[in-house]
Each structure stands twice: as structure tokens, then as C-alpha cells.
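K.L.:
Here it is: the structure, laid out below.
There are 4 protein chains.
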Amino acid sequence: MFGNTFGEHFRLTTFGESHGQSVGGVIDGCPAGLKVDFEHVSKELARRRGDGIPHTTARKEPDLIEWQSGIMDGVTLGTPIAFIVGNRDVRSDDYESLKDWQRAGHADYTWQVKYGVRDHRGGGRASARETVARVIGGTIAKQLLLQKGISISSEVILPHNREGENGSTRFGGHVKCTVYGLHAGVGDPVFNKLNARLAYATMSIPSAVSFEMGSGNDATSMTGAEYADRWTPDIQPRGANTQPLTITNHSGGIQGGISNGMPVEFSVGFHPVVTQIPLTQCRNLAGEVRMIELKGRHDHCHVPRAAVIVEAMAALAIIDFLI
Amino acid sequence: MFGNTFGEHFRLTTFGESHGQSVGGVIDGCPAGLKVDFEHVSKELARRRGDGIPHTTARKEPDLIEWQSGIMDGVTLGTPIAFIVGNRDVRSDDYESLKDWQRAGHADYTWQVKYGVRDHRGGGRASARETVARVIGGTIAKQLLLQKGISISSEVILPHNREGENGSTRFGGHVKCTVYGLHAGVGDPVFNKLNARLAYATMSIPSAVSFEMGSGNDATSMTGAEYADRWTPDIQPRGANTQPLTITNHSGGIQGGISNGMPVEFSVGFHPVVTQIPLTQCRNLAGEVRMIELKGRHDHCHVPRAAVIVEAMAALAIIDFLI
Amino acid sequence: MFGNTFGEHFRLTTFGESHGQSVGGVIDGCPAGLKVDFEHVSKELARRRGDGIPHTTARKEPDLIEWQSGIMDGVTLGTPIAFIVGNRDVRSDDYESLKDWQRAGHADYTWQVKYGVRDHRGGGRASARETVARVIGGTIAKQLLLQKGISISSEVILPHNREGENGSTRFGGHVKCTVYGLHAGVGDPVFNKLNARLAYATMSIPSAVSFEMGSGNDATSMTGAEYADRWTPDIQPRGANTQPLTITNHSGGIQGGISNGMPVEFSVGFHPVVTQIPLTQCRNLAGEVRMIELKGRHDHCHVPRAAVIVEAMAALAIIDFLI
Amino acid sequence: MFGNTFGEHFRLTTFGESHGQSVGGVIDGCPAGLKVDFEHVSKELARRRGDGIPHTTARKEPDLIEWQSGIMDGVTLGTPIAFIVGNRDVRSDDYESLKDWQRAGHADYTWQVKYGVRDHRGGGRASARETVARVIGGTIAKQLLLQKGISISSEVILPHNREGENGSTRFGGHVKCTVYGLHAGVGDPVFNKLNARLAYATMSIPSAVSFEMGSGNDATSMTGAEYADRWTPDIQPRGANTQPLTITNHSGGIQGGISNGMPVEFSVGFHPVVTQIPLTQCRNLAGEVRMIELKGRHDHCHVPRAAVIVEAMAALAIIDFLI
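Chain order of the listed sequences is A, B, C and D. Using the numbering used here, you'd call the opening residue of the first sequence number 551 and step up by one each time. Using the numbering used here, you'd call the opening residue of the second sequence number 551 and step up by one each time. Using the numbering used here, you'd call the opening residue of the third sequence number 551 and step up by one each time. Using the numbering used here, you'd call the opening residue of the fourth sequence number 551 and step up by one each time.
Next comes the structure, spelled out in C-alpha cells:
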């Protein structure tokens with residue numbers, strides 16, 4: 551079980567604590583010959599930072615990527631691509647008061663139990679800062695997919711965007727993601743169904759609480775006749791590419807774990823930001839519970855920032871089948 | 551990508567086509583010294599067959615397991631445990647009319663595209679018959695978990711159990727699954743979060759369309775204050791085991807991908823049975839679409855039978871962290 | 551670490567104790583569409599049994615393969631190929647006297663320490679009978695390689711074939727193996743060098759004690775000028791395929807872990823049969839040492855039988871790079 | 551196949567081209583709580599550089615390690631340990647003349663065929679500079695082994711250390727490696743035998759041409775009675791730890807792939823340095839062959855420097871069984 555590696559053929563290994571020297575990653579399995587679009591990578595990182603989105607975290611890293619290997623003159627060599635992003639805007643002192651305390655709703659307690667030791671500064675490895683490496687790796691995957699005519703986009707759905715009581719925001723939501731241009735025949739039929747890999751990939755994103763394939767939960771109340779996507783009749787005479795394979799797409803473009811050539815559609819739900827400011831309930835290993843004043847910097851809502859991570863994880867899951 | 555293997559440390563590899571010689575599996579990684587409860591395995595297989603449940607498939611396999619290796623005098627040896635279950639009640643002729651046709655809503659099309667060749671008899675490898683091996687492997691996993699005080703149970707939720715139009719049943723639903731007794735500290739913090747592995751494991755079950763962790767989609771409309779599971783106050787004085795760690799369990803017992811010692815709760819949604827009897831819309835590779843009379847035998851509702859498979863996959867996902 | 555699986559893309563998992571129900575295996579990753587040559591498989595098993603070779607074991611299994619899955623009408627489906635070979639000629643009683651004793655030079659002691667329990671009958675899983683599954687899996691691999699114009703052959707070298715003192719034979723030796731037709735570019739440059747994978751594959755064969763690549767140990771006493779395989783001059787004008795790439799082949803057809811298109815040559819050394827008949831020195835867990843009369847049936851020399859296993863493991867190692 | 555990762559549980563991924571930004575690696579699977587001995591790491595790197603050894607390469611990197619993650623206050627966190635070593639003393643211009651030419655005996659040709667593109671400067675990824683990361687990863691593994699009382703040492707055997715003709719040195723040799731303190735029961739019985747993993751690990755070292763376990767090739771000419779390591783009699787009365795388990799150690803401490811508690815002994819052979827100075831025979835993709843003047847800097851003999859790499863790979867292979 552390698553918590554820090556995703557993928558079997560296009561493999562991303564990530565490293566780095568939130569307040570350590572850097573976060574980064576190594577991509578193994580990227581083919582030689584890809585001309586890397588560095589500006590695209592930067593733009594995707596800006597989406598992750600939430601540049602221009604209100605209510606996002608006050609921590610603004612420049613996210614300067616130092617590429618270490620695997621690329622010469624802007625072109626991939628087929629060797630491992632390693633990259634690091636220095637942690638520059640670190641205010642570790644904000645977290646000193648939390649050294650012996652575990653915040654309610656956070657991973658502080660579970661991490662301490664598992665490892666016995668933890669980097670308490672800003673969530674350590676459990677921090678969402680780790681997703682910087684996911685976005686970089688996922689963007690390289692997206693560029694490989696684009697070469698094959700496959701693109702990924704997403705829509706953020708926030709039906710509850712109003713202030714909650716106690717200054718807490720009722721502000722979770724969904725990211726609805728669509729993969730266009732994926733040909734039929736991608737995915738494995740038993741354990742590594744394409745839908746299972748997408749669920750695996752996206753449910754590993756911090757704060758994800760649900761995954762729905764195609765019509766998802768809505769499908770549970772349909773009849774079989776309603777749910778089964780009927781073939782578009784007489785498809786051949788009009789040409790194979792002029793109309794879709796099926797009339798509806800309740801299955802989200804996957805049958806038996808394998809893509810059918812329709813758009814692949816799925817949705818990921820996220821719980822609201824759990825950090826309570828300024829006072830958060832905390833517990834120490836002795837079992838004492840207390841309200842503690844929290845400094846740090848935190849989002850009001852992270853769902854808009856999660857969109858690019860959902861896309862990145864989808865790209866990583868899909869490219870893994872195509873390498 | 552090994553579609554036919556699940557797990558990294560306790561590894562189940564399954565094989566067998568629906569209408570071939572047998573279905574079966576190999577478990578690699580089971581420790582030596584487990585006294586196998588064979589009657590328990592048989593009972594779990596009976597749950598999968600839907601014995602005693604109305605509206606389930608007319609195909610009744612005796613499911614006689616022939617254990618090949620890894621067990622001597624009823625005790626595991628630490629070597630691979632191989633088992634086969636012969637396919638006895640096979641009526642392949644029922645499927646001859648489907649040889650060149652792909653049913654709407656089924657994996658026939660995607661399978662044909664992927665492999666170029668397929669065993670058209672009863673769904674071949676994509677058939678739900680493959681889950682026999684999951685249940686056997688999962689039951690061995692359950693027995694190992696029970697030794698550690700961990701048990702898994704589930705509840706079937708069918709709010710829509712009424713006949714639909716055209717003889718089609720509105721009969722999908724959910725399996726709500728709970729793991730009791732899992733200690734804190736299980737799961738990995740980044741890609742192999744316990745919730746991500748549970749999603750991966752259960753979304754690979756035929757007909758699964760959604761996965762929700764803890765409060766799942768309900769969590770997306772809560773405030774952070776509502777969602778964050780608050781510590782039960784003053785836990786120490788009354789003894790560590792007399793009351794739960796948190797007051798609520800919206801997170802489903804997992805934070806940052808790692809168990810916190812509370813019950814692990816998740817839910818899996820299933821779409822309705824897609825096979826339309828007696829006429830089903832079919833398409834051939836030439837693009838012709840036609841209604842074809844289908845024989846075969848099929849469930850009205852498979853969700854009750856899916857419960858034991860959800861439990862089996864959860865057991866496989868969890869034991870993998872504990873070996 | 552899965553002691554029972556070899557390969558990453560063409561993956562053979564083996565199971566079965568020497569005196570259990572069967573030995574067998576599952577091949578995952580074999581492409582659809584291979585027309586299996588069953589007679590070839592039987593012939594390779596006959597080579598493993600040593601049919602027609604003097605001094606080989608008196609245990610003569612018919613080695614009837616029961617194919618379970620993955621093949622329909624003699625053609626592979628792309629699904630896992632499972633097979634079992636029943637253990638018919640089992641004389642477990644021969645081993646009752648050994649239940650609590652560990653033979654010198656055998657795996658009895660190490661197995662007991664590792665697992666706490668063992669199937670003492672005929673070596674259990676550590677028995678050379680396990681290699682039946684390697685040969686079957688390796689022969690399927692060979693058939694895939696043959697489709698690509700790649701063939702594997704070997705030569706047995708027994709310079710010491712004379713009777714030793716005490717009825718013990720001085721009869722170890724080498725298997726020199728050559729792979730013809732492998733194109734340039736196969737192998738990975740760092741840890742998964744083709745030579746490293748061949749060493750891994752063949753050093754896992756029972757009794758193997760040495761692996762030499764190309765000129766092997768002889769290379770350690772050459773000058774660099776002698777060892778470096780010089781390019782055949784002016785290769786183009788005469789046509790690319792009419793003469794070899796290099797004049798000599800000290801490297802055995804591999805540079806930097808990657809094949810260069812020359813024949814791949816390596817050698818595997820085997821120690822002599824360690825079983826001493828009729829009396830063998832044994833030890834029990836209490837530390838007592840005693841001479842015990844051994845029944846069972848054993849080879850005088852196993853090197854000729856090992857040749858087909860060396861070829862099988864080479865085939866498995868190479869096909870893994872080509873799938 | 552991940553050429554750039556070694557290990558299943560303690561996993562080292564390496565990256566970096568010889569003349570790129572840096573070489574480095576990520577260790578995943580190192581337990582939390584190890585107090586890293588940084589000076590030990592530096593000393594091992596000095597052994598790899600050949601500090602103080604005559605006839606070694608003129609390229610002297612300071613090998614300053616920049617630790618990126620996984621260590622806080624000198625103690626491992628259980629998270630991935632990433633490190634980079636900048637390439638400072640790079641004279642890429644030396645290699646410009648080689649851009650279109652492949653040197654005889656080198657990986658230039660095979661690399662070009664495999665990837666279509668290569669970093670021609672100093673061997674790129676195929677350069678021995680890659681072993682910097684192996685030594686760092688292996689030294690961390692050694693420190694974990696030392697905590698368990700396991701140590702690794704080696705001896706360099708150079709029987710041919712004399713100048714050859716044409717200024718070429720007859721200077722290959724062997725590294726004989728011994729692992730002390732490894733308890734019985736380590737290794738897997740079938741494919742992942744401890745000896746097979748050691749062969750795999752060490753045959754991936756640049757220039758390795760042979761692997762011998764225990765008595766190795768000498769064993770092929772012994773009788774079974776000579777080879778089988780006899781039990782030391784009456785071991786218990788004198789205490790378990792006062793005398794070795796067996797009288798001889800021809801098997802090198804491993805039976806059936808599993809350690810028996812005796813010292814683990816094996817030997818790795820290396821071919822001589824192939825780079826011919828000042829003129830080396832080269833070939834281009836058009837098939838033209840020519841003598842080219844080579845600048846660069848190269849060892850006369852690399853075997854003494856290989857010793858620490860053999861030890862590092864042995865440490866990586868062994869720790870993988872103990873995590």
C-alpha cells in the first residue's frame with residue numbers, strides 16, 4: 551500500500567509536508583517526446599490556489615516549480631520527471647499552540663495515532679498543500695490526453711452558498727466532471743473498472759465525501775427501462791461520428807467498467823470547511839477537551855479550488871489505462 | 551493494471567467465465583494458522599445466490615467449492631489458497647441468439663470493442679457470476695478480521711420497490727455498510743485513504759453507481775460546525791472504552807483517510823436491473839438496431855444479493871491494511 | 551512481496567503444495583486471440599519430468615492439465631487463464647517419518663521458522679513440483695514470443711558427471727540459455743534492466759546458485775578493449791539484416807540493461823542434488839541431530855530437467871517487457 | 551515495469567540525468583522515528599566517489615544532499631523522504647562530439663533505439679551517476695537494519711590488477727558481500743526467494759556481469775554430500791547463540807529462498823571499464839563506424855567504488871522483507 555503513489559503505468563509519487571522544505575513529486579512512465587506546456591501547468595496551479603476566487607485561503611504561494619529531471623529543452627526524455635515547489639510563505643508559528651492538540655474534524659488525531667509522530671505545522675503531509683503535486687502530475691497527464699484528443703472539464707455546483715450560523719459557512723458542494731473524446735474500450739472488466747478507478751482517484755482528494763457515476767443516486771429510483779441507455783437507431787447510414795452511440799447517458803459512458811465512447815460523466819461531493827475560526831474544539835492525547843484559538847489561514851469554501859484537483863485525478867486515472 | 555487482482559498485501563485474483571469450466575480465485579497473503587470456517591463460506595455464498603429472497607435469478611448453482619491448495623486439515627498454511635467453483639447449471643444455448651448482438655445497457659458492446667473476441671454466453675467474464683470468487687475471498691478476509699474483533703454488517707435500502715411500467719421494476723437501491731471494531735490508525739494519508747480504497751473496492755461491483763462516505767451527499771449542505779464531529783467531552787475520567795470518541799459520526803469514522811476508532815460507515819447505490827424481458831433492444835457491430843427476444847434468467851432486483859458482495863469488498867479493502 | 555506471482559504485465563501466480571489437491575496457476579495479462587498449442591505445453595512438461603533422461607526422479611505424474619478459464623475453442627479470451635494439474639501419484643506416507651525433522655541442505659528448517667506450520671509431505675510448497683506451473687505459464691509466454699519471431703533454447707553443461715563417494719553424485723552443472731530474435735530496445739535502464747530481470751527470474755529456480763550474463767565471470771579478467779563488443783563495420787551498405795551488429799557478444803546482447811538486437815546469452819549454475827539416500831542428517835526444533843532413513847523418490851541429477859524451467863522463466867521475464 | 555523504482559514495501563524511486571539539474575530519489579515506506587545519521591550517509595557517498603582510491607574518475611562532485619521532506623529535526627516522519635543532489639561539476643561540452651554517435655560497449659545505441667531521444671551528455675540516465683541515489687536510499691536502509699542488529703560488509707577482489715595492452719586496464723573483479731545478523735525466516739519460497747531478490751538488486755548495478763550465491767559456481771562441481779551444509783550437532787545444550795547452525799555455509803545462509811540465520815554470502819562480478827581513451831570506436835544511426843576522440847572523465851577501475859553500491863542494493867533488498 552503506497553499512500554504516496556498513484557497509478558500503475560503512469561505513476562505519480564508525491565512528497566512533502568505543508569511546512570517542510572518543499573512539496574513535489576516524481577512522474578514515472580511519461581513517454582518521451584512530449585513538449586511540455588509550462589504555462590498550462592502554471593495556470594492549473596493558479597486555479598488550485600483559487601486566484602481570483604473570493605473566500606479562498608489567504609496563503610498565497612507563488613508555486614514556482616523547479617523541474618529536476620526528465621525534461622531536456624522542454625521535451626520529456628522518457629525518464630522520471632521530478633519536480634519540487636518550495637514552501638515559501640510558511641508561518642509555522644501560527645501552529646505552535648496546536649502542538650499537543652487535535653482539532654475536531656481534522657486528521658490530527660488519526661495521524662498521531664498512526665505514526666506516533668507528526669509534523670503539526672499546518673497539517674503536515676495531510677494538508678491540502680499536498681495537492682500541488684497532484685495538479686502538476688495531473689496537468690502533464692492532461693497534456694498527454696490532449697494529444698489523443700481527450701479533454702476534461704468540470705462544473706462547480708454550490709446550491710448552499712449562504713452564510714451559516716456562528717459565522718460558519720454552509721458552503722460544501724459538488725464538482726461535476728466530464729471527459730470528452732475518450733474512445734470505447736478503456737477500462738478493465740473486474741476490479742479495475744474505469745468507474746472504480748475514477749472513484750478511487752477522486753475519493754482520495756481531501757474533503758471528498760461522495761462519488762456518483764453517470765446519473766448516480768438518481769439511477770437508484772429509475773426503472774430498468776428508464777436507466778438502460780438505448781442505442782441511437784440506424785447509426786451507420788448517417789456516419790459513425792455524426793451522432794452519439796446512445797440516446798441517453800445515464801451510465802456516464804461506461805458499461806461493465808469499460809468506456810463506450812460517450813462522454814464520461816461523474817460527480818464528486820465535498821463536505822464544508824471544518825476549521826472553525828477563531829475558536830475550534832480540540833482534544834489532547836490525555837483526553838482533555840478544550841476550545842482553542844486558531845490562527846492559520848483557511849478557506850471559506852474549497853470546492854471551487856477542488857475542481858482542478860478532480861480533473862487532475864481523473865486525468866491520472868485515465869492516462870494510466872492508455873500508457 | 552490488473553483487472554483481475556484486488557489488494558496489495560492480501561491479494562485476491564479471480565478467474566472464470568460465466569459459462570466456462572469454473573469460476574475461482576487465488577488468495578495470496580493469507581497468514582498461516584487460520585482455522586477456516588467452511589460453513590460460514592457456504593452461508594455467505596447462499597446470501598449471494600439470494601436463497602430465500604423473492605425476485606432473484608432462477609439460475610441456482612450449488613456453488614460447491616473445491617479447495618485446491620493453501621489449507622491442510624482445515625488450517626491455512628500461509629501459501630496461496632486456490633479454489634474453484636464448477637459451472638454446473640449452464641444453459642449456453644439461451645445465448646446463441648445474442649452471439650452477434652449487443653444488448654442496450656450491458657457490457658456486450660464495450661467488451662467486444664476492447665477484446666475483439668468475447669464469450670457471449672451469459673456475459674462471459676463480465677457476468678455477475680464472477681462475484682462468487684469475491685464472496686469466497688471476502689469471507690476469508692472477514693474471518694481474519696473477526697480474529698481481530700472487527701465485524702462488518704449491512705442494511706439494504708429499497709425505497710422504490712414497486713413495479714414500473716412495461717413490466718420493468720423500479721427496484722434499484724442502496725446498501726448501507728458498517729464496520730465495527732476497527733481501531734484508530736488504519737488507512738494511508740494521501741492516495742490510499744481508507745475511504746478511497748473502500749470506494750475503489752465497492753465501485754467495482756457490477757451495477758454500483760454511487761459511493762457515499764459517512765453522511766455523504768447530506769454533508770454537502772451542512773455548515774462546517776454541523777459537519778465537524780465534536781469530541782465527546784471528558785472522555786478519560788469515565789474510561790476510554792465506555793463512550794465513543796465523537797458525539798456525531800458524519801465523517802463515517804475516517805479523518806484524513808485514516809480510521810479514528812468510530813464505526814466506519816458508508817453507502818453504495820445500485821442501478822436497477824437493465825435486462826428487459828422478453829424483448830431487449832440490441833445493436834450489432836454493423837450499427838443495426840433491433841428488438842431481440844431474450845431467454846436467459848435474470849433477477850428482478852439484485853440489491854439484496856449485492857449486500858454480501860459489498861461486505862466482501864469492504865473486508866478485502868480493510869484486511870489489506872492490516873496484513 | 552508476492553512470492554507466488556512473477557511479472558508485472560504478463561503475470562503468473564502459482565499455487566499448490568507438492569502433496570495437496572493440485573498444483574496450478576493463473577496467468578493474467580495474456581492478450582486475446584492466441585491459438586494455444588496444447589501439444590507444445592505437454593511436450594514441455596515432459597521435458598520437465600525428464601521423460602527419457604536417465605537418473606531422474608521415479609515420481610511420474612501424468613501431468614494432465616485441466617484448463618479452467620480464459621480459453622474458448624482453443625483461443626485465449628484476454629481474461630485470466632487458470633489451470634490445475636492434479637497430484638495423482640502421491641505417496642505421503644513416505645514422509646511421515648520426517649514430520650518433526652528438518653533435513654540438512656533442504657528448506658525444511660527455514661520454512662518451519664517462517665510459517666510455524668508446514669506441509670511436510672514432499673517439501674510442500676517448496677518442492678520442485680511447483681515448477682509445473684512455471685513451465686505451463688512459461689510455455690504460453692514462449693508461444694506469444696514465437697508470434698513475434700523470438701525463440702529460446704538452451705544447452706545443458708555437465709562437466710562433472712561422475713559418481714562421487716558415498717553413492718553421492720558429483721552432478722551439478724550449468725544451463726546455458728540463448729534468446730534469438732529479440733529486437734533492440736527491450737529492457738529498462740535502471741532497476742529493471744533486462745539482465746537484472748533474467749537474474750531475478752532464474753535465480754528463483756530451486757537449486758540455482760549462479761547467474762552469468764554474456765561472458766560472465768570470464769569478463770572480469772578481460773581488458774576493456776577485449777570486453778567492449780566492437781561494431782561490425784560498414785553495416786548499412788550490405789543490408790541491415792545480413793550481418794550482426796557487433797563482432798563479439800561478450801555483453802550477451804544487452805547494454806545498459808536494454809537489448810541491442812544480438813542474441814541474448816546467459817548461463818545459470820545449479821548445485822547438486824542434496825538429498826542423501828538412504829540416510830540423511832536431520833535436526834528437529836529441539837536442536838537434536840540424527841541420521842534418518844529417507845524414503846521418497848529423488849533425482850540423481852536435476853540439471854537436464856532444469857533446462858526447460860530456465861527457458862520458461864526467461865520467457866516470462868521477456869514477455870513482461872513486450873505486453 | 552518501473553525501471554526507476556526498487557522494492558515493494560521499502561520503495562526507492564530514483565530520478566535524474568547525469569548532466570541535468572540533479573539526481574535524487576524518494577523513499578516511500580521508511581518507518582517513522584528513525585534518527586538519521588547524516589554523517590554516515592556522507593561517508594557512504596565518499597566511498598561511492600572513490601575518495602582516496604587511485605585510478606578513479608576525475609569528476610569530483612561535492613554530493614551535497616538537499617533533503618526535501620519526510621524528516622523533521624533529524625527524525626523520520628513516516629512520510630516519503632525526498633532528496634536531491636545537484637549536478638555541479640558538469641562539463642557537458644565534453645560530450646558534444648558524441649551527440650550523433652554511439653560508443654562501442656556503451657548503452658548509447660540501445661537507449662537511442664528504445665526512447666528515440668536521449669540526453670547524450672555523460673550517459674544521461676544510464677550514467678553511473680544515477681547510483682548516487684541508490685547509495686543514499688541504501689544507507690537509510692542500512693541504518694534501519696542496524697537497529698535490528700543486521701550489518702552488511704564487503705570485500706573487493708581484483709586478481710587481475712595489471713595494465714593491459716593499448717593502455718587498457720585488465721581490472722574487472724568481484725565484490726564479495728556478507729550480511730551478518732539476519733535472523734532465520736526472511737525471504738519468500740517461490741519467486742521472491744531472498745537469493746533471487748539479491749540477484750535482481752545487484753545485477754541492476756552498472757557493469758555487473760555475474761551473481762553467485764554462497765559457494766556459487768564452485769558448488770556445481772561438488773557432490774551432494776559435500777554441498778549440503780550439515781547441522782552442527784548438539785546445538786541446544788550449549789545454548790542457541792554460541793555456535794552456528796551449520797558446519798559449512800555453501801548455501802550462503804539461504805535454503806528454499808529463506809534465510810537460515812547463518813551469514814548471507816554472495817558475490818557479484820563486474821566487467822572492466824569499457825570506455826577507451828583517447829579513441830573509442832563509435833557508430834551512428836546511419837550505420838557508419840568511426841574512431842572518435844573522447845574527452846569526458848572516466849575510471850580506470852570501478853570495482854572498488856561498486857562495493858558500496860552492492861551493499862546498498864543488498865540493504866534495499868533485505869529491508870524490503872522486514873518492513
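Note that CB positions come from ideal geometry on N, CA and C, so glycine has one too. Here the structure is a predicted model, which means the values were calculated and not measured.
Do C/V814 and C/G807 have their CB atoms nearer than 8 Å?
P.N.:
no
K.L.:
Select from B/H724, B/G766, B/L695, B/A657 the residue whose C-alpha is nearest the C-alpha of A/L744.
P.N.:
Comparing C-alpha distances from A/L744 to each of B/H724, B/G766, B/L695, B/A657 shows the shortest one belongs to B/A657.
K.L.:
Taking the C-alpha atoms as reference points, what is the distance between A/A769 and B/S647?
P.N.:
29 Å
K.L.:
In the DSSP assignment, find the beta strand (DSSP E) that holds D/S572 and state where it starts and stops.
P.N.:
572-578
K.L.:
In three-state terms, what does DSSP make of C/G636?
P.N.:
strand
K.L.:
I want to see whether chain D comes within less than 8 Å of C/D738, judged by CB atoms only; does it?
P.N.:
Taking Cβ atoms only, chain D reaches closer than 8 Å to C/D738, which makes this a yes.
K.L.:
Using the C-alpha atoms, what's the distance from B/V625 back to B/G789?
P.N.:
For B/G789, the pLDDT reaches just 48, beneath the cut-off of 50, and the residue's location in the model is therefore unreliable, leaving the point undetermined.
K.L.:
Would you kindly report the start and end of the unbroken alpha helix (DSSP H) that includes C/K664?
P.N.:
Per DSSP, C/K664 belongs to the alpha helix (DSSP H) from 658-665.
K.L.:
Going straight from the alpha carbon of B/L562 to that of C/Q693, what length do you get?
P.N.:
27 Å
K.L.:
What's the C-alpha gap between D/D623 and C/D650?
P.N.:
51 Å
K.L.:
Provide the residue span of the beta strand (DSSP E) that contains C/M841, from first to last.
P.N.:
839-843
K.L.:
Which residues of the stretch 769-781 of chain D have a Cβ closer than 8 Å to any Cβ of chain C? Give them in chain order.
P.N.:
Contacts with chain C (Cβ-Cβ distance below 8 Å) from the stretch 769-781 of chain D involve A769, T770, S771, M772, T773, G774, A775, E776, Y777, A778, D779, R780, W781, listed in chain order.
K.L.:
Along the stretch 794-810 of chain C, what residues have a CB closer than 9 Å to any CB found in chain G?
P.N.:
In the displayed structure, chain G is absent; the protein chains listed are A, B, C and D.
K.L.:
Once DSSP output is grouped into helix, strand and coil, what is the label at B/V729?
P.N.:
strand
K.L.:
Would B/V576 count as contacting chain C if we go by Cβ distances under 8 Å?
P.N.:
B/V576 belongs to the set of residues whose beta carbon lies under 8 Å from a beta carbon in chain C.
K.L.:
Counting contacts by CB-CB distance shorter than 8 Å, is A/N554 in contact with chain D?
P.N.:
For A/N554, the answer is yes, since a Cβ of chain D falls inside 8 Å of its Cβ.
K.L.:
Between D/I869 and the rest of its own chain, which residues show a CB-CB distance below 7 Å, the 5 nearest in sequence each way excluded?
P.N.:
F560, A691, L694, L695
K.L.:
Hey, does D/E838 have any beta-carbon neighbour from chain A nearer than 8 Å?
P.N.:
no
K.L.:
Quick check: the Cα distance between A/A857 and A/V725, rounded to an integer number of angstroms?
P.N.:
Approximately 6 Å between the Cα atoms of the pair.
K.L.:
Give the straight-line distance between the Cα atoms of B/P612 and B/I577, rounded to the nearest whole angstrom.
P.N.:
22 Å
K.L.:
Would you call A/G553 buried or exposed, if buried means 16 or more other Cβ atoms sit within 10 Å of its Cβ?
P.N.:
buried
K.L.:
Can you check which of these residues, D/L844, D/D601, D/A734, is closest to D/Q831 by C-alpha distance?
P.N.:
The residue with the shortest Cα to Cα distance from D/Q831 is D/L844.
K.L.:
Identify whether B/H724 lies in helix, strand or coil by the three-state DSSP scheme.
P.N.:
strand
K.L.:
Specify, as a first and last residue, the run of the beta strand (DSSP E) that C/E815 falls within.
P.N.:
814-820
K.L.:
From this set, A/L595, A/G583, A/I702, A/G570, which residue's C-alpha is nearest A/A865's C-alpha?
P.N.:
A/I702
K.L.:
Look up D/I686 in the DSSP assignment and say whether it is helix, strand or coil.
P.N.:
Here D/I686 carries a helix assignment [DSSP, helix/strand/coil].
K.L.:
Name the chain D residues that come within less than 7 Å of C/K664, Cβ to Cβ?
P.N.:
G735, I808
K.L.:
Taking the beta carbon of C/L627 as the centre, do at least 16 other beta carbons fall within 10 Å, making it buried, or is it exposed?
P.N.:
C/L627 comes out buried.
K.L.:
For A/R598, report the span of its alpha helix (DSSP H) as first-last.
P.N.:
588-599
K.L.:
Going along chain C, which residues have a C-beta under 8 Å from D/Q571?
P.N.:
Correct list: empty, because the minimum Cβ distance to chain C is about 18 Å.
K.L.:
Just to confirm before moving on: does the CB-CB distance between C/F761 and D/S704 stay below 8 Å?
P.N.:
no
K.L.:
Do you know how far the Cα of B/A836 is from the Cα of A/P787?
P.N.:
Residue confidence is low: A/P787 scores 49 on pLDDT, short of 50, so the model does not pin down where it sits. No coordinate-derived value is stated.
K.L.:
Does A/W651 come within less than 8 Å of chain D when only Cβ atoms are used?
P.N.:
no
K.L.:
Spatial neighbours of D/P794 within its chain, please: C-beta separation below 7 Å, excluding the five flanking residues on both sides.
P.N.:
T782, M812
K.L.:
Report the three-state DSSP secondary structure of C/R561 (helix, strand or coil).
P.N.:
strand
K.L.:
Measuring straight from C-alpha to C-alpha, what distance separates C/Q618 and B/A678?
P.N.:
18 Å
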